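Numbers 0 to 625, taken from numbering that gives the first Met the number 0, label the letters of the sequence shown in order.
Idealized CB from N, CA, C, for every residue including glycine.
Fair warning: this is a prediction, and the values are worked out from it, not measured in the lab.
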Amino acid sequence: MQVIGTAGHVDHGKSTLINRLTGINPDRLKEEQDREMSIELGFAWIQLPNGEEIGIVDVPGHRDFIENMLAGIGGIDAALFVVAADEGVMPQTREHLAILDLLQIPAGVVALTKTDLIKEPEWLDLVEADLSETLQGTVLANAPIVRVSARTGEGIDELISVLQDILSLRPHRPDLGRPRLPIDRVFTLPGFGTIVTGTLMDGQLAVGDSVEILPSGLEGRIRGLQTHKQAEERALPGGRTAVNITGISVDQVMRGDVLVHPGTYSGTKMIDVWCTLIKDADAPLKHNTEVKIYIGAAEVMARVRLLGVEVLQPGEDAFLQLMLEDPIVALRQDRFIIRRPSPPATIGGGQVVDPHPKRRHKRFNEIRLAELEQLLIGSPEEIIFQTAQKLGATSLKEIIETSGLENAPAQQAAKTLIDGGTLVPLNGERLILPVENVRTLQQKIEEKLDAYHQGFPLRPGMPREQLKSEMGLASNVFDALISRMAAGDVLIETGAKLHLSGHAVQFTQKQQTQIDSLLKAFHASPYSPPSVKQCAEEIGEPLLQALIETGQLIQLSEDVLFEHPVYEEMQTAVIDHIKEYGSITLAELRDKFDTSRKYAVAVLEYLDQTGITLRRDDKRVLRRPR
């Protein structure tokens, strides 16, 4: 599951566009609908043409509600950056763009909206040129720009296609086995109790799991899970997730809290970070300045301690130690935003370097600054792992070359990760994938096979090509995963079909009675059995297909079936006859089994098709010595 988030100036049509894309109005509050302006976070979802369902977080654009925007924008995989064609780049356009840049949102598409209001094509060209110039040097510098009108529908199909393309290039969120859900909404429904929502990260949640709310430490249990209003037994990383909790009242939870498995994370009131002050900041950042920090869905006051510099100028970077008024949950490499409280403005952001520093640092401690620099860069193992996550399934050579490390330490780091099971070699190391990616893909394959077995219980397996198409994987990745799962006895490959190891076609008592009745007719006349049409009329096409696919019957032509042992007997007789006499004719086969011409023709033509015999005039000979 992946999530996109909107961004852009107020009244540039974000919510209207989402409504047109999904059929869902993300403005859920009456005040929002009355004012035609998003105040709180809105949520919607859409199924892409490739079958993938994605979540959409619609954020407010108005300056007064920028803090609500920050609560939802951090957990997204791509941005839908909205600019109205009749107004072009505006103040919040630039502020939202700066936020996306500071958060390093990995992908995006720009929607140039309200094109129906513009009558001169030259104006659209000018707006788009100005927009392209604004995007230069940011994370959206290479983002495609799509002209759309939510009112007329112009460009909507193209926008959906582009969204699908950019998301297909992004790996899904990793499953690290340590779920955390930054809570961006808390509410209650009659008969359900406390419900929290957020974008799930780093692991899975399941109904019945014990959970902890941080930083308070309150514990409860998951009563129910929903993704896009569909009840789920298990929620996967990257999806918009609603969690119904028992044991915790709604007034004990607030936006910014984090739902986790007990004992897996802890809060902190002090973090070391690498921070960039934006070029447009109207003043330098001084030591001991009070700021607001936004991380996950949390908003906390903090005091800045500058490390290694006297003052941080606009456009410059530095290490900071942030002393927080209230505890938060943070991990190394989590992205954050800082804002000036008054007058409110976004001034910078960056990434967490050390979420649990042991002490308050001296500002110009060279030893600690060197330690922070190493933590920022990461160990060779961390760099190789992060590169592998970024590239997806690729060769070890490509990972090492992209990492930027020297060959020897990179090779050693990769070996350590492979030996430890963090990276998984597929196809004899021709492909490398992080273990959580392998687990996620294998689980998805198992789920698709299980769903197929549930939907078609009379079929022994799912066509391999159908599964490959539904998974949307490259052939080499799909083949490697199937081989791995087959070697681990998770699934079995039979011909062109795949099935889970525990799956077997099981007939009901009624179905077995029908089958037994049909097979009696086959036994009574083994060489002139009932036709395909007669069989289908007696037991139905699904049950007949099951007998064929399980091998009890073999279909030689459009209307000829035999029991498998009977066909094997006839095939052996043909081969033996040719070996003794050099060839066999249709009449000889017909007389040998006292059958009709229809059945003899079907047998001989099937032997031709399967490469056993070869027709020469009115005779058959063996295609190859036996």
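Query, Result
"Boundaries of the beta strand (DSSP E) in which Gln46 is found, first to last residue", "Gly41 to Gln46"
"Neighbourhood of Thr245 by C-beta, 7 Å cutoff - its chain only, sequence neighbours within 5 removed", "Gly192, Gly219, Arg220 and Arg222"
"Three-way DSSP call (helix, strand, coil) for Leu457 in this model", "coil"
"Segment contact flag, the stretch 485-502 with the stretch 510-526, C-beta cutoff 8 Å, min 3 pairs", "no"
"For His95, three-class secondary structure by DSSP", "helix"
"Option nearest Leu552 by Cα separation, candidates Ser530, Pro356 and Pro189", "Ser530"
"Cβ neighbour criterion (16 or more within 10 Å) applied to Arg628", "Because the chain in this structure spans residues 0 to 625, residue 628 falls outside the shown range and cannot be described."
"Three CB pairs or more closer than 8 Å across the stretch 183-192 and the stretch 200-213", "no"
"DSSP three-state assignment for Glu405, whether helix, strand or coil", "coil"
"Length of the line joining the Cα atoms of Thr263 and Glu119", "58 Å"
"Gly154 vs Val147 beta-carbon contact at 8 Å", "yes"
"Three-way DSSP call (helix, strand, coil) for Ile574 in this model", "helix"
"Endpoints, the beta strand (DSSP E) within which Pro433 is located", "Leu430 to Pro433"
"Secondary structure of Glu51, DSSP reduced to three states", "coil"
"Expected contact under 8 Å - CB spacing of Val573 and Leu588 to nearest Å", "6 Å"
"Thr535 versus Met461: straight-line alpha-carbon distance, rounded", "First, the amino acid is wrong: residue 535 is Ala here, not Thr. For Ala535 and Met461, the distance between alpha carbons rounds to 22 Å."
"Test item: CB-CB of Ile182 and Arg254 under 8 Å", "yes"
"Alpha carbon of Leu306 to alpha carbon of Lys278, nearest angstrom", "20 Å"
"DSSP state of Phe384 mapped onto helix, strand, coil", "helix"
"Asn287, DSSP secondary structure in three states", "coil"
"Where the beta strand (DSSP E) through His498 begins and ends", "Lys496 to Leu499"
"CA nearest to the CA of Gln320, picked from Leu134, Ala301, Lys618 and Ile53", "Ala301"
"Proximity below 8 Å, CB of Val185 to CB of Pro143", "no"
"Buried versus exposed call for Gly7 [16 or more other C-beta atoms within 10 Å across all chains shown]", "buried"
"CA nearest to the CA of Ile165, picked from Pro173, Leu180 and Asn141", "Asn141"
"Start-end ranges of the beta strand (DSSP E) lying completely within the stretch 74-128, minimum 3 residues", "77-83 and 107-112"
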